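Protein chains in written order, with my numbering: chain P, 1 to 438; chain Z, 439 to 876. Inspection log for the structure reproduced underneath, given as structure tokens.
Now the structure itself:
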């Protein structure tokens with residue numbers, strides 16, 4: 001097998017970025033060099049590390065001459081086999097990856113934002129250069145999900161992906177569920193424990209999860225899906241009351257990335273969205289606690305699969321990067337490359353209004369004859385079918401909780417708009433989607 | 439990328455076995471031929487199906503001339519690219535796989551028994567022939583676990599694998615947990631529902647799980663581990679009382695396949711075992727219900743990962759076979775082959791006595807002064823540390839429930855033997871290992 005082949009020459013690897021993930025990659029590359037050489041079939045040589053501030057003390061025991069601030073010169077050397085990009089963000093990461101590919105290197109990246117915004121440019125550059133572009137670490141950290149979607153399920157048809165792909169928001173929602181805290185308190189706790197950043201926008205408003213949803217949908221459905229195609233709602237409007245309502249119906253609130261295949265009159269289409277939703281306690285995703293991530297995949301033949309693990313952190317992300325590096329390096333030794341972008345299906349990407357979901361709606365109403373009839377009529381006008389209705393309280397403090405069957409999101413939101421206009425409805429106190437039902 | 443390359447020629451595939459899994463493989467191969475051709479980069483042609491009884495009516499709409507009873511002649515044709523083996527068992531499967539490799543075909547197999555008994559012969563034959571031998575379907579059905587262990591974690595060090603890898607026993611234990619039924623009742627229910635066979639020995643006595651444990655340990659630790667190296671205990675002695683005891687301490691009883699890396703005075707070593715164990719309710723494996731499977735992997739960098747899904751069934755297993763087939767076929771198009779056996783570590787495989795575990799022990803005792811002292815002394819003699827002791831009942835009907843800290847299994851079982859000899863102990867009513875603690 002490959003590991004028995006004589007090694008033609010050491011493989012030259014350059015690392016872009018030496019923060020939390022990059023330091024761990026450098027450490028694993030140097031500390032386990034012999035083991036990696038056996039697994040790859042050739043020794044690996046770390047030839048350069050691009051950093052912004054080379055003077056900064058690093059905990060790595062590496063020669064100072066490895067470090068450079070000139071990333072562009074590093075990726076333009078022309079003798080690199082693999083470039084590992086863990087800088088993040090759009091630029092200069094995109095320019096450096098494109099330059100690396102042009103100069104003959106394969107690329108391993110953890111850059112979800114770039115892949116979600118402009119993956120097509122990268123995939124096309126890799127295809128043109130006949131080089132690998134691998135990115136297991138970009139989605140759900142150490143959890144192997146890109147490789148299973150690209151390879152294990154290559155003979156199957158994925159119909160749906162439901163993911164908890166942001167650890168910060170899962171930590172916050174889990175804290176709200178277990179302690180009854182409201183969003184602000186739980187966010188503060190997450191910040192104190194280092195699970196949320198000082199500016200938590202990218203996480204709590206769902207931007208991070210939306211980038212991952214775009215990548216997952218692209219992989220699952222062989223269709224280019226970008227960040228702009230993803231409907232996005234964060235968790236900052238989730239209240240302790242939502243969480244309590246969910247608990248009453250045996251559910252929990254999770255921020256989900258949902259990628260689905262749809263059958264429309266015009267043929268198959270896909271959608272991708274990120275929003276908080278109630279899912280039943282017995283759904284495998286319901287028990288994903290703390291900052292863990294999990295991706296639940298439904299496919300025609302394999303049925304329901306779930307992949308669970310740490311979604312972030314230096315060492316887990318570095319593990320995913322190293323796994324890719326071994327595959328890409330082995331491909332270099334063999335003179336081949338792995339599966340590239342698969343976008344042959346190019347299905348239509350539906351807007352949020354055409355996705356199918358169910359709503360959990362709480363209405364403040366006066367407990368008077370005719371209220372339920374008026375409310376039911378608002379649903380019927382949009383052809384939305386009601387699954388359950390519960391009334392809590394009575395007199396002027398009554399609350400009507402309605403859970404619908406699945407319908408087009410546009411019909412559901414039009415129903416909510418109509419309810420707000422009804423004289424008998426004092427207010428719509430909460431609306432949340434319901435997912436994961438069977 | 440590969441899918442854009444002109445196809446040199448169709449790839450010839452032969453199928454050995456056309457039972458539940460084989461029929462689904464044949465169906466997917468023919469029904470999705472265009473999609474597979476796009477993913478592989480060349481069309482796939484099913485050129486023969488070896489069956490035992492060709493006259494049998496099959497639900498597949500395939501030409502009669504594809505079927506043959508002469509499997510040996512089929513695999514000896516010399517023009518096959520891939521042979522898919524789903525016959526199962528040792529012979530003639532082994533002979534047919536070896537013959538296929540000798541004649542230049544790559545092999546995809548779902549045969550756990552053969553891999554666990556004599557994998558080395560197959561891996562060596564594949565290496566010699568420079569052909570692929572892929573077997574994702576052999577462990578945990580459709581759940582991608584072989585590929586993640588072989589590739590995604592190739593830059594990491596796996597320290598422990600805990601798997602629920604037999605759906606029949608998980609269904610029975612889950613039924614016992616949810617209904618309080620005893621083993622015989624739950625087995626009967628499983629048989630009535632088709633989850634257990636008329637002769638359930640292979641499942642309930644842990645043979646099936648032990649084969650999978652051998653394969654998982656080999657992959658995780660780069661060491662040859664065979665069926666004979668795996669300590670095996672089934673679930674036929676698990677009682678409703680065990681399940682109730684587990685529930686009292688917030689745990690559930692599961693049949694686990696446990697593969698571990700150990701540090702010994704002589705260096706690193708590994709172990710593999712299958713036995714029922716109590717695991718805490720908040721462990722991700724505890725919520726694996728019914729006939730589902732899950733594999734929990736602990737590694738140095740990635741941390742804790744879990745892979746969950748259907749562990750058996752025609753369509754899920756066929757999905758795993760097809761995923762392998764796409765990879766192997768793509769490798770044929772590229773003229774390369776994938777990762778082979780990785781047994782370079784060749785660590786010592788420890789016997790059960792040297793593995794580390796904890797025990798939950800129930801003793802029938804007389805509630806008299808000195809009982810606890812005598813019992814505690816028996817543990818101390820073997821240097822086994824006690825974690826908790828509870829006494830239930832009193833007088834002549836007292837039960838002492840002892841949970842230990844982790845110790846060598848040999849010391850724990852010697853302690854149990856000693857307890858049985860104590861005058862003050864009327865009997866050891868149950869012993870079960872405890873796993874999954876943190």
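Cβ coordinates follow ideal geometry from the N, Cα and C atoms, glycine included. Predicted model only: the values in this text are computed from it and were never measured.
Alpha carbon to alpha carbon, how far is residue i from residue j?
i: residue 654 of chain Z; j: residue 814 of chain Z; result: 38 Å
i: residue 631 of chain Z; j: residue 303 of chain P; result: 19 Å
i: residue 175 of chain P; j: residue 716 of chain Z; result: 27 Å
i: residue 425 of chain P; j: residue 363 of chain P; result: 7 Å
i: residue 508 of chain Z; j: residue 156 of chain P; result: 30 Å
i: residue 330 of chain P; j: residue 340 of chain P; result: 16 Å
i: residue 533 of chain Z; j: residue 460 of chain Z; result: 19 Å
i: residue 231 of chain P; j: residue 255 of chain P; result: 13 Å
i: residue 7 of chain P; j: residue 334 of chain P; result: With a pLDDT of only 48 at residue 7 of chain P, under 50, the local geometry of the prediction cannot be trusted, and the value read off the model is given with reservation. The straight-line gap from Cα to Cα measures roughly 11 Å.
i: residue 478 of chain Z; j: residue 615 of chain Z; result: 45 Å
i: residue 652 of chain Z; j: residue 411 of chain P; result: 54 Å
i: residue 441 of chain Z; j: residue 337 of chain P; result: For residue 441 of chain Z, the predicted structure reports a pLDDT of 44, less than 50, and the residue's modelled location is therefore unreliable. A value from the coordinates is still provided. Using only the alpha carbons, I get a separation of about 12 Å.
i: residue 484 of chain Z; j: residue 755 of chain Z; result: 18 Å
i: residue 365 of chain P; j: residue 294 of chain P; result: 39 Å
i: residue 126 of chain P; j: residue 101 of chain P; result: 6 Å
i: residue 113 of chain P; j: residue 599 of chain Z; result: 33 Å
i: residue 422 of chain P; j: residue 408 of chain P; result: 22 Å
i: residue 865 of chain Z; j: residue 856 of chain Z; result: 11 Å
i: residue 183 of chain P; j: residue 240 of chain P; result: 7 Å
What span of residues does the beta strand (DSSP E) with residue i cover, start to end?
i: residue 108 of chain P; result: 106-109
i: residue 865 of chain Z; result: 863-872
i: residue 853 of chain Z; result: No beta strand (DSSP E) contains residue 853 of chain Z, which is instead part of the alpha helix (DSSP H) from 847-859.
i: residue 163 of chain P; result: 158-164
i: residue 319 of chain P; result: Element bounds for residue 319 of chain P: not the beta strand (DSSP E) but the alpha helix (DSSP H), 314-334.
i: residue 357 of chain P; result: 356-365
I need the boundaries of the alpha helix (DSSP H) containing residue i, first residue and last residue.
i: residue 176 of chain P; result: 167-179
i: residue 742 of chain Z; result: Not the alpha helix (DSSP H): residue 742 of chain Z falls in the beta strand (DSSP E), residues 741-748.
i: residue 221 of chain P; result: 207-221
i: residue 127 of chain P; result: 112-129
i: residue 346 of chain P; result: Run containing residue 346 of chain P: none; DSSP gives neither H nor E here.
i: residue 40 of chain P; result: 33-40
Chain P partners of residue i, CB-CB under 8 Å?
i: residue 828 of chain Z; result: Here the premise fails: no neighbours, minimum Cβ distance about 27 Å.
i: residue 747 of chain Z; result: 302, 303, 304, 305, 306
i: residue 574 of chain Z; result: 152
i: residue 754 of chain Z; result: 301, 302, 303
Apart from the five residues just before and just after residue i, which ones in its own chain have a Cβ nearer than 6 Å to its Cβ?
i: residue 474 of chain Z; result: 482
i: residue 757 of chain Z; result: 580
i: residue 544 of chain Z; result: 520, 569, 570, 766
i: residue 455 of chain Z; result: 524, 525
i: residue 791 of chain Z; result: 847, 848
i: residue 400 of chain P; result: 363, 365, 391
By the criterion of Cβ-Cβ separation under 7 Å, what are the contact partners of residue i in chain P?
i: residue 581 of chain Z; result: 305
i: residue 774 of chain Z; result: 334, 336
Leaving out five residues on either side along the sequence, give the residues of the same chain with a beta carbon under 8 Å from the beta carbon of residue i.
i: residue 350 of chain P; result: 262, 264, 269, 270, 271
i: residue 586 of chain Z; result: 735, 743, 745
i: residue 471 of chain Z; result: 481, 482
i: residue 642 of chain Z; result: 606, 607, 610, 625, 634, 672, 673, 674
i: residue 26 of chain P; result: 15, 18, 46, 49, 60, 62
What residues of chain Z sit near residue i, judged by a beta carbon separation below 7 Å?
i: residue 155 of chain P; result: 466, 474, 757, 760, 761, 763, 764
Residues of chain Z with CB under 9 Å from residue i, in chain order?
i: residue 405 of chain P; result: Residues of chain Z passing the Cβ test: none, with the nearest at roughly 25 Å.
i: residue 147 of chain P; result: 582, 585, 586, 589, 590
Quick one: list the residues of chain P neighbouring residue i, beta-carbon separation under 9 Å, in chain order.
i: residue 477 of chain Z; result: 154, 155, 222, 339, 342, 344
Excluding the 5 residues flanking residue i on each side, which residues of the same chain have their C-beta closer than 7 Å to its C-beta?
i: residue 284 of chain P; result: 296, 306
i: residue 79 of chain P; result: 12
i: residue 574 of chain Z; result: 582, 584, 585, 758, 761, 762
i: residue 228 of chain P; result: none
i: residue 347 of chain P; result: 221, 223, 268, 269, 270
Name the residues in the region 656-682 of chain Z whose C-beta lies less than 7 Å from a C-beta of chain P; which are they?
Answer in chain order: no residues at all.
Between the region 270-288 of chain P and chain Z, which residues of the former have a C-beta closer than 7 Å to a C-beta of the latter?
284, 287
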